[in-house]
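Encoded as structure tokens, the structure appears first; notes follow it.
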């Protein structure tokens with residue numbers, strides 16, 4: 038009979054380790070399946086909502102990867118492939134004969150901001166101890182039950198409050214929420230950030246309008262960051278910066294104004310095409326002409342495929358579908374001076390390229 042439960046190994050200078058503990062009739066196997074943000078509950082508790090929204094897709098990808106990893110480990114455990122798991126970093130096992138005592142305590146820890154269900158301490162016969170934090174989504178009675186079912190002879194110290202807790206194995210699980218729900222909570226209240234700063238209820242009507250516009254523009258900026266249209270790519274960020282400056286001078290936003298200014302600054306550094314807006318409005322663009330000295334196709338792991346084209350010692354990145362045969366054609370590229378954003382380009386035919394080269398030679 039194999040039982041399992043989850044524990045957190047706290048670390049001060051590094052990311053915490055999230056273990057799945059498998060209990061057999063002879064041993065405890067501590068197998069790492071995650072880190073600091075081990076589930077949705079931990080993610081939403083430990084990250085300010087502004088940053089949570091920005092890193093949402095990263096978390097979703099990590100969550101899916103962790104679920105697949107846990108399923109793989111479960112399969113190996115059921116097939117008695119423990120040795121393979123123990124070869125991985127941070128994984129270890131404790132034989133039951135080495136355990137002197139197990140103590141399950143209800144006191145929450147400062148390490149998690151008192152957002153946990155206490156601790157469990159394994160004391161070994163050689164005096165060594167292993168202390169873990171019980172996640173808020175795992176109940177103490179369920180851990181005790183899992184151990185007793187697999188190894189009923191092991192001594193367990195359990196500081197139960199009353200008989201009712203002893204039989205209550207249910208704990209609230211992280212609610213499945215979408216990105217749009219998290220954004221709505223942040224804008225209209227009932228969010229982690231509003232709880233910390235107590236600000237949403239204090240906003241005036243104008244402040245709430247600014248609040249909504251800021252978030253709408255933030256989302257638009259993220260969605261249009263890969264747009265091939267210059268104004269669609271740059272205008273939302275410029276307007277976002279303008280609203281952030283207005284918010285900065287409105288004290289009703291409290292500390293939120295500095296968070297918003299920081300996020301806006303990050304967006305402006307990542308999508309710097311807005312710098313060329315004056316040149317775009319004045320039609321002060323540059324032209325690069327010639328046969329590419331570099332013509333390479335790139336397919337990155339993240340982001341869209343693109344062609345790297347170098348004309349007149351200027352590198353351009355074109356996401357449109359080009360053909361290898363264009364490598365010896367004449368390119369005419371209109372671009373903005375600082376960001377090298379391509380406004381439009383033309384690829385001459387072979388005959389037109391030949392005539393162009395002939396004119397230059399003459």
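In this note's numbering, the protein residues as written are 38 to 399. Quick reminder that beta carbons are idealized off the backbone N, C-alpha and C, glycines included.
From the DSSP output, which residues share a beta bridge with residue i?
i, result
"residue 40", "60"
"residue 132", "64"
"residue 142", "156"
"residue 344", "334, 355"
"residue 169", "157"
"residue 55", "45, 71"
Which same chain residues, not among the five before or five after residue i, have their C-beta less than 7 Å away from its C-beta?
i, result
"residue 381", "371"
"residue 121", "113"
"residue 384", "363, 366, 368"
"residue 72", "52, 53, 54, 55"
"residue 354", "343, 345"
Quick one: is residue i buried, meaning 16 or more other Cβ sit within 10 Å of its Cβ, or exposed?
i, result
"residue 329", "buried"
"residue 164", "exposed"
"residue 60", "buried"
"residue 184", "buried"
"residue 57", "buried"
"residue 391", "exposed"
"residue 304", "buried"
"residue 293", "buried"
"residue 187", "buried"
"residue 269", "exposed"
"residue 53", "buried"
"residue 242", "exposed"
"residue 338", "exposed"
"residue 375", "exposed"
According to DSSP, simplified to helix, strand and coil, what is residue i?
i, result
"residue 286", "coil"
"residue 356", "coil"
"residue 332", "strand"
"residue 114", "helix"
"residue 148", "helix"
"residue 71", "strand"
"residue 380", "strand"
"residue 137", "strand"
"residue 317", "helix"
"residue 195", "strand"
"residue 324", "strand"
"residue 372", "strand"
"residue 291", "coil"
With a CB to CB cut of under 8 Å and the five nearest residues on each side skipped, what residues in its chain are close to residue i?
i, result
"residue 341", "263, 356"
"residue 130", "64, 65, 66, 67, 119, 123"
"residue 70", "55, 56, 57, 103, 106, 107, 110"
"residue 378", "267, 270, 310, 313, 372"
Does any heavy atom of the ligand FMN sit closer than 8 Å to the C-beta of residue i?
i, result
"residue 129", "Absence of the ligand FMN is noted for the structure shown, with no ligands found whatsoever."
The segment 334 to 352 contacting the segment 309 to 318, beta-carbon criterion three pairs below 8 Å: no
Measuring CB atoms only, is the segment 172 to 191 touching the segment 148 to 162, in the sense that at least three cross pairs come out at less than 8 Å? yes
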